[in-house]
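Numbering follows full-length UniProt numbering, in which position 21 of the sequence shown is assigned residue number 21; successive positions increment by one, without gaps. Cβ atoms here follow ideal geometry from the backbone N, Cα and C, with glycine treated the same way. Working notes, beginning with the structure itself.
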Amino acid sequence: KRKAEDETTATPAAKKANTGSTDSPRTPKTNTPFQRVNVEEWSGKLKGIGEDNSYWAMKNAESGWGAKAQEVLGQVKGKGFRHEKTKKKRGSYRGGLIHDNQVNSIPFADSDDE
Numbered sequence: 001k002r003k004a005e006d007e008t009t010a011t012p013a014a015k016k017a018n019t020g021s022t023d024s025p026r027t028p029k030t031n032t033p034f035q036r037v038n039v040e041e042w043s044g045k046l047k048g049i050g051e052d053n054s055y056w057a058m059k060n061a062e063s064g065w066g067a068k069a070q071e072v073l074g075q076v077k078g079k080g081f082r083h084e085k086t087k088k089k090r091g092s093y094r095g096g097l098i099h100d101n102q103v104n105s106i107p108f109a110d111s112d113d114e
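Here it is as structure tokens:
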């Protein structure tokens with residue numbers, strides 16, 4: 001009995017080291033930024049609508065409280081923007097039209113809401 005156990009332990013199977021590589025060499029992946037929407041696919045379907053994403057391209061942008069806020073906040077970037085935004089949130093609203101029911105979305109022909 002002991003001779004049989006000694007023979008099996010004397011020649012253990014050689015384990016392969018898991019290096020994570022396969023037989024073929026890996027090709028390096030190119031780093032591409034994440035894009036939720038394929039721009040090439042949708043750029044032809046917009047037909048000029050939505051290409052200008054600024055505040056002033058929106059309909060009825062000339063009037064109301066948003067236009068006044070855009071004049072101030074549109075010129076500021078970075079930490080200054082956060083400062084000006086906080087000042088606006090503090091209560092600088094002195095009246096004026098607020099379009100709370102206005103929809104500025106872009107309708108597509110293949111929409112589910114037809």
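Check: Drop a sphere of 10 angstroms on the beta-carbon of Gly74, count the other beta-carbons inside from all chains shown, and report buried for 16 or more, exposed for fewer.; Outcome: exposed
Check: Beta-carbon separation of Lys68 and Gln102 under 9 Å?; Outcome: no
Check: What three-state label does DSSP hand Arg90 in the structure shown?; Outcome: coil
Check: In terms of residue numbering, what span does the alpha helix (DSSP H) encompassing Val76 cover?; Outcome: From DSSP, Val76 is part of no alpha helix (DSSP H); its letter is neither H nor E.
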